[in-house]
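Report on the structure given below.
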Amino acid sequence: MTYTVGDIVAERSLHITRDALVKYAGASGDFNPIHYRDDIAASVGLPGVLAHGMLTMGIAVGTIISALGDSARIREYGVRFTRPVVVDAVNGADIDITAKVAAITDEAIRIDLTVVFEGKAVLGKAQVFVAPEKD
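Just so you know, the working numbering puts 135 at position 125 of the sequence shown, and the rest follows in order with no gaps.
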């Protein structure tokens with residue numbers, strides 16, 4: 011597929027539950043109790059149980075995989091964690107992801123990811139550098 015700066019590559023909305031946090035903790039080995047215990051989260055001044063930052067980051071980049079056709083095209087990916095995703099015990103949390111082409115060079119396509127929770131971006135400078143398709 012040929013991309014142009016400004017193209018929306020992919021969009022996705024995702025519902026995160028506490029069950030998903032427990033599964034991610036098992037897969038990642040990150041058993042920090044702020045990701046599953048309200049009392050611990052509150053004791054350290056957090057607004058509630060938080061989704062793992064790396065889970066949010068992984069969900070975000072996963073949004074573009076089908077559009078790329080080959081995940082091996084991803085050369086580099088980075089984000090800044092700017093706000094937490096608070097996952098309510100009953101209602102969970104909903105995040106919305108938009109992937110947009112920001113720059114194109116001969117070496118790479120830069121795709122910027124916007125990840126929003128409760129109307130606010132939760133990742134800053136979320137950029138994926140992708141190898142151009144081979145002719």
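Even glycine gets a Cβ: it sits at the ideal position worked out from N, Cα and C.
- Cβ neighbours of Arg-90 within its own chain (closer than 6 angstroms, five residues either side excluded): Gly-134 and Lys-135.
- Contact annotation: Leu-31 and Ile-105 have beta-carbon atoms that are not nearer than 8 angstroms.
- For the pair Ile-50 and Pro-57, the CB atoms are not nearer than the 8 angstroms cut-off.
- The three-state secondary structure of Ala-61, taken from DSSP, is coil.
- Spatial neighbours of Met-67 in its own chain (CB-CB distance under 6 angstroms, excluding positions within 5 residues in sequence) are listed in chain order as Val-89.
- Ala-109 is positioned such that its CB atom lies closer than 8 angstroms to that of Ala-20.
- Within the stretch 61–115, complete alpha helix (DSSP H) segments of at least 4 residues are found at 63–72 and 75–78, given in chain order.
- Per the Cβ contact rule, the stretch 136–144 is in contact with the stretch 70–87 (3 or more Cβ pairs under 8 angstroms).
- Secondary structure of Leu-31 (DSSP, three-state): helix.
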